[in-house]
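So the structure is just underneath, and the comments pick up after that.
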Amino acid sequence: MLVLFKQAIVEMMHHKLRTLLTLLGMVFGVGAVIAMLSIGEGAKVESTRLIESMGLRNLVINEKLNDNETLKEIRKSSVGLSLNDMRTIESSLPFVSQSCAEKNLKTYSVFSNQSEADSSVIAVSPNCFSMSNLKIEAGDFFTQDDNNASKQVAVIGSEVAKSLFADKNPIGELIKINHLWVKVVGVLQQQELSKKEIQGIKLGAEHNRIFLPLATAQKRLKIPNLESQIDSIRVTIDTTIEPQVAALAIDKLLKRRHGNVEDFEIIVPASLLNQQNKTQQIFTIVMSSIAGISLLVGGIGIMNIMLATILERTKEIGLMRAVGATKVDIKNQFLIESTTIAAVGALLGIVMGVLLSFIIQSFAEW
4 MLVLFKQAIV
14 EMMHHKLRTL
24 LTLLGMVFGV
34 GAVIAMLSIG
44 EGAKVESTRL
54 IESMGLRNLV
64 INEKLNDNET
74 LKEIRKSSVG
84 LSLNDMRTIE
94 SSLPFVSQSC
104 AEKNLKTYSV
114 FSNQSEADSS
124 VIAVSPNCFS
134 MSNLKIEAGD
144 FFTQDDNNAS
154 KQVAVIGSEV
164 AKSLFADKNP
174 IGELIKINHL
184 WVKVVGVLQQ
194 QELSKKEIQG
204 IKLGAEHNRI
214 FLPLATAQKR
224 LKIPNLESQI
234 DSIRVTIDTT
244 IEPQVAALAI
254 DKLLKRRHGN
264 VEDFEIIVPA
274 SLLNQQNKTQ
284 QIFTIVMSSI
294 AGISLLVGGI
304 GIMNIMLATI
314 LERTKEIGLM
324 RAVGATKVDI
334 KNQFLIESTT
344 IAAVGALLGI
354 VMGVLLSFII
364 QSFAEW
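Here it is in structure tokens:
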């Protein structure tokens, strides 16, 4: 058997171009299978991580964006999402364990004693931090007491801290937002979800944001309509109810409060995850089928080349028979050659597939 293997290697090296062309089909076939499956699995893991970061027991109620004319008509019946909506949801629906509100003010030029930076300023309820799975790097979050007292405090993102204070500890320092000076009480930990977005919800953008208590923004920054027009409400539901059922109950309650005007939308992360899993399953099946066809084509290519090789080497086969080689010996010779080509092609294909997976992963920022 070792002699036959050596002969197969010699034959492959003797016909380098033919061997290379035969290898390519197997290399691309195996590489495609591995790359497609890896990409599919990587996309699944990443999308699952993104959706789970929103909280599978959370529901997000967003103000629906409309053009000016439509908005004027809507405002005749509904003032939009409000803090009273949030309070009513929490008090009327027993399965809601906590809720928070968020208002995206705008991008301000923010000043410290050392520097200046443009940052998005967000007014939030204090428990939005825990409901959004945000972590603190230095200091602490502001509290409900801070919100009730309209204290001039802020939690800032890690990039804002670097822009305004460089390497200096920002905790306890003052920053100026518009005309208002506020004290930095906390710095958020850098998130791994930067530049990601799901249905209009930006994930991981907190690193370039400044968070103020809702009451502080309303009273100190003089933001009009903050009580009656907020951007989103986030609620956490307990395990006694399915998220889809909870969403229907909230939808019914809000429609009744808004004069049957649907000027809001409810995002259910658990439903998004189920939809994503189904979509990913179909994607994996389709991509695997395409890659499998490539692999089959590579195998057929090896078969065709080996058949052509047999016809080309009839004199060699006759000579081998003349010196005593049996039909089994000759069959084994060609089987070993084809198996060796397939094995080498498969190994190279594995390497190519893994490299492609890493390259795509780096571009996709998974």
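For the sequence shown, my numbering assigns the number 4 to the initial residue and increments by one for each residue that follows.
Each residue gets a CB set at the ideal place from its N, CA and C atoms; glycine is no exception.
Treat the numbers as computed from the prediction; the structure is a model and nothing was measured.
By Cβ distance below 8 Å, which residues in the same chain neighbour residue i in space, the five residues on each side in sequence not counted?
i	result
Gln247	Val271, Ala273, Ser274
Met3	Residue 3 is absent from the model: the chain starts at 4 and stops at 369.
Asp121	Thr110, Tyr111, Ser112, Val113
Ser80	His261, Gly262, Asn263, Val264
Met180	Residue 180 is actually Ile in this sequence, not Met. Cβ neighbours of Ile180 beyond the five flanking positions: Tyr111, Val113, Val124, Ala157, Ile213, Leu215, Leu224.
Pro129	Cys103, Phe144, Phe145, Thr146, Gln147, Asp149, Asn150, Pro216
Lys9	none
Go ahead and label residue i buried or exposed: buried means 16 or more other beta carbons lie within 10 angstroms of its beta carbon, across all protein chains shown.
i	result
Met16	exposed
Leu217	buried
Ile296	exposed
Phe144	buried
Ser85	buried
Gln336	buried
Ile159	buried
Gly34	buried
Ser94	exposed
Glu340	buried
Thr242	exposed
Lys2	Absent from the model: residue 2. The displayed extent of the chain is 4 to 369, so no value can be given.
Glu315	exposed
Leu298	buried
Thr317	exposed
Ile269	buried
Ser50	buried
Ile362	exposed
Lys281	exposed
Ile154	Note that residue 154 is Lys in the sequence shown here, rather than Ile. Buried.
Leaving out five residues on either side along the sequence, give the residues of the same chain with a beta carbon under 7 Å from the beta carbon of residue i.
i	result
Gln364	Gly45
Ala249	Leu62, Phe98, Ile240
Ile313	Phe337
Ile244	Phe98
Leu137	Leu191, Glu209
Gly83	Glu66, Ser231, Gln232, Asp266
Gly43	Gln283, Phe286, Thr287, Met290
Ala294	Ala35, Val36, Met39
Glu176	Ser115, Phe168, Val187
Pop quiz: residue i and residue j are said to be a contact at Cβ under 8 Å. What is the actual Cβ separation, rounded to whole angstroms?
i	j	result
Asp381	Asn65	The structure shown does not extend to residue 381, since the chain is modelled only from 4 to 369, so the question has no answer here.
Glu209	Gln194	6 Å
Leu96	Leu256	7 Å
Glu140	Val190	5 Å
Ile174	Val187	6 Å
Val127	Glu105	5 Å
Ile253	Ile92	6 Å
Tell me which residues share the same chain as residue i and place their Cβ nearer than 6 Å to its Cβ, disregarding the 5 neighbours each side in the sequence.
i	result
Ser360	Ala38, Ser41
Gly348	Leu26, Met29, Val30
Gly301	Gly28, Met29, Gly32
Lys75	none
Phe132	Phe144
Ser89	The sequence shown places Met at residue 89, rather than the Ser named in the question. Cβ within range, chain order: Ser102, Ala104, Ile236.
Ala164	Pro173, Val190
- Runs of alpha helix (DSSP H) wholly within the region 296-329 (minimum 4 residues, chain order): 317-325
- Query: Would you call the region 131-150 and the region 113-120 in contact, with 3 or more CB pairs under 8 Å?
  - Reply: no
- On the three-pair Cβ rule with 8 Å, is the region 350-362 touching the region 20-32? yes
- Contact between the region 318-330 and the region 296-309: three or more CB pairs below 8 Å? no
- Message: Using a Cβ distance threshold of 8 Å, determine whether the region 161-168 contacts the region 273-289, with at least three qualifying pairs required.
- Response: no
- Message: Just to confirm the assignment: which complete beta strand (DSSP E) runs, minimum length 3, are found wholly within the region 136-221?
- Response: 139-142, 156-159, 177-180, 183-191, 199-201, 204-206, 212-216
- Which parts of the region 240-297 are runs of the alpha helix (DSSP H), unbroken and 4 residues or longer, counting only runs that do not cross its ends? 246-260
- Write down every uninterrupted run of the alpha helix (DSSP H) in the region 33-116 whose length is 4 residues or greater and which is fully enclosed by it, in chain order. 71-78, 86-95
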